[in-house]
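Here is the structure we will look at, set down as C-alpha cells.
There are 2 protein chains.
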Amino acid sequence: MPQNEAPGRDPALELWVVLARAFDAVSRHARAQVTHHGLADAEFGILEVLYHKGPLAVCEAQRRILLQSGSTAYVVDKLEQKKLVKRTPNPKDKRGTLLVLTSKGRGLMTRIFPEHAETIRRAMSGLSPAELKRAAELVRKLGLTAAATALDGIPG
Amino acid sequence: MPQNEAPGRDPALELWVVLARAFDAVSRHARAQVTHHGLADAEFGILEVLYHKGPLAVCEAQRRILLQSGSTAYVVDKLEQKKLVKRTPNPKDKRGTLLVLTSKGRGLMTRIFPEHAETIRRAMSGLSPAELKRAAELVRKLGLTAAATALDGIPG
DNA sequence: TTGAGATTTCTCGAATTCGAGCTAGTTTCG
DNA sequence: CGAAACTAGCTCGAATTCGAGAAATCTCAA
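Line by line, the protein sequences are chains A and B.
Take 13 as the starting number for the first sequence in this note's numbering and just add one per residue.
Take 13 as the starting number for the second sequence in this note's numbering and just add one per residue.
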C-alpha cells in the first residue's frame with residue numbers, strides 16, 4: 013500500500029514526534045518521583061515556583077505551570093486543603109490573590125526538591141553536559157518562536 | 013531571601029523546563045488545528061498512525077500515542093462512534109483487536125493531514141533545517157535514554 | 001504437556017483538565 | 001471624569017486521562 017509521505021521525511025514532523033516522546037519519557041520519571049510524595053504534577057509545579065520565587069500572584073504561577081485558569085484554581089484548592097500553600101489578598105492589585113508557601117509547604121519542598129532534581133538529572137544522563145546545553149539552546153529557541161507564532165492561520 | 017539553587021543553574025533542570033515549554037507551545041498549534049476539524053489530539057493520533065502504517069493492533073497504536081490502555085479504549089470508542097475506524101478481530105492473536113481506518117476515516121485524513129503537517133512546520137519555522145535536524149538528534153537521544161532508565165530508583 | 005508469568009484489551013470510578021462564562025478591579029485614553 | 005477594553009481569579013459542566021483490576025490468550029521453560 014502506498015505510504016503517503018512518512019513523517020520521518022519531514023524534519024519538522026520528525027522533531028515533533030521525538031519531542032513528544034522525550035517529554036513523555038522524562039515526565040514519567042518526574043511524575044513517579046512526585047507521586048511518591050503524594051503530590052500531583054501540577055501541585056508540585058506550583059510548590060516549586062513558590063519555593064524558588066517566593067510569594068506570587070495566582071496568574072504568575074499559572075503561567076509557569078502551563079495550565080488554564082480553571083485547572084489552576086482546582087490545583088490551588090488542593091494545595092490549600094493540604095495546608096501547603098495559603099491564599100492571601102494582594103495589596104498591589106485587589107483583583108488578585110497572592111500565593112504563599114506555608115511552613116509545612118516549605119519544609120516539604122526542602123525535603124523533596126533535591127531528590128526531584130536528582131531524578132531529572134538521572135533521566136537526562138544520556139546526554140553529555142555539552143549536549144544538554146546545546147539541546148536546551150535549540151529547544152528554547154523552538155519554544156519561544158512557536159509561542160510567538162500566531163495560533164490561528166490554518167493554511168489552505 | 014536566599015534563593016535555593018535556581019533551576020537555571022542545572023543544565024538538566026534547565027532542559028526540562030524548556031522542553032516542557034516547547035512541547036506545550038507546539039501542542040497548542042497542533043491542538044488548534046486538529047480541534048478545528050472536530051478531533052481531539054488523541055483521536056488524531058490514532059487516525060494518523062493508522063493512516064501511515066495501515067491496520068494495527070490496539071496496543072501498537074497505543075504505544076505511539078502515549079496514553080494508558082484505559083484512555084486508549086475511550087478514544088477508540090469515540091472514533092468508532094464517529095465511524096472513522098473499525099475494530100476487527102486479530103487473526104494472529106485472539107486476545108487482540110485490529111484497528112482499521114474506514115473509508116470515511118481515510119478520506120478525512122487525506123484532507124487534513126497535509127494541513128496538519130503545514131501547521132507543525134510553521135510552528136517550528138523558528139529553527140533552520142540544520143537546527144531542526146540537530147535538535148531532533150539530541151532530543152531523540154534524550155527520549156531513548158530516558159525511556160531506558162529505570163523509573164523506580166528514588167535516590168536517598 | 002503444563003503451569004507460571006506476561007500481554008492484550010476492556011471496565012469502572014476517581015482525579016484532572018479544559019473551556020466558556022461571570023464578577024470585580026484596573027488601565028487606557030478621549 | 002468615564003466608557004471601553006483588558007486582566008485576575010473563580011465556578012461549573014463536560015471531556016479526557018489515569019490507575020487498578022479482571023478476563024482471555026499467549027509464551028516458554030521445565
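No residue lacks a Cβ here, since even glycine has one placed at the ideal position from N, Cα and C.
Give me the DSSP bridge partner(s) of residue i.
i, result
"ARG99/B", "LEU111/B"
"LEU68/B", "LEU111/B"
Please check the pair residue i and residue j, which I expect to be a contact at CB under 8 Å, by giving their CB distance rounded to whole angstroms.
i, j, result
"LYS153/A", "GLY155/B", "About 19 Å separates the two Cβ atoms, so there is no contact after all."
"LEU27/A", "VAL151/B", "7 Å"
"VAL87/A", "GLY117/A", "VAL87/A to GLY117/A, Cβ: 13 Å. No contact."
"THR131/A", "ALA24/A", "Not confirmed; about 30 Å, so no contact."
"THR161/A", "ARG134/B", "6 Å"
"ALA10/A", "ASN102/A", "Since the displayed chain A opens at 13 and closes at 168, residue 10/A lies outside it and no answer follows."
"ALA129/B", "ASP22/A", "6 Å"
Output the boundary residues of the alpha helix (DSSP H) element that contains residue i.
i, result
"ASP36/B", "23 to 47"
"THR161/B", "From DSSP, THR161/B is part of no alpha helix (DSSP H); its letter is neither H nor E."
"LYS106/B", "No alpha helix (DSSP H) contains LYS106/B, which DSSP labels as neither H nor E."
"GLY138/B", "Careful: GLY138/B lies outside any alpha helix (DSSP H) and carries neither H nor E."
"LEU91/B", "81 to 93"
Margin query: Does the structure place the segment 28 to 42 of chain B close enough to the segment 22 to 41 of chain A that three or more beta carbon pairs sit under 8 Å?
Written below: yes
Check: Taking contact to mean at least 3 C-beta pairs separated by less than 8 Å, is the segment 115 to 135 of chain B in contact with the segment 113 to 130 of chain A?
Finding: no
Notebook entry, point to check: Does the segment 76 to 96 of chain A come close enough to the segment 53 to 68 of chain A that 3 or more CB-CB pairs lie under 8 Å?
Noted result: yes
Item checked: Segment contact flag, the segment 96 to 115 of chain A with the segment 103 to 113 of chain B, C-beta cutoff 8 Å, min 3 pairs -> no
Margin query: Does the segment 128 to 142 of chain B come into contact with the segment 68 to 81 of chain B, if we say contact requires no fewer than three beta-carbon pairs (one atom in each stretch) closer than 8 Å?
Written below: no
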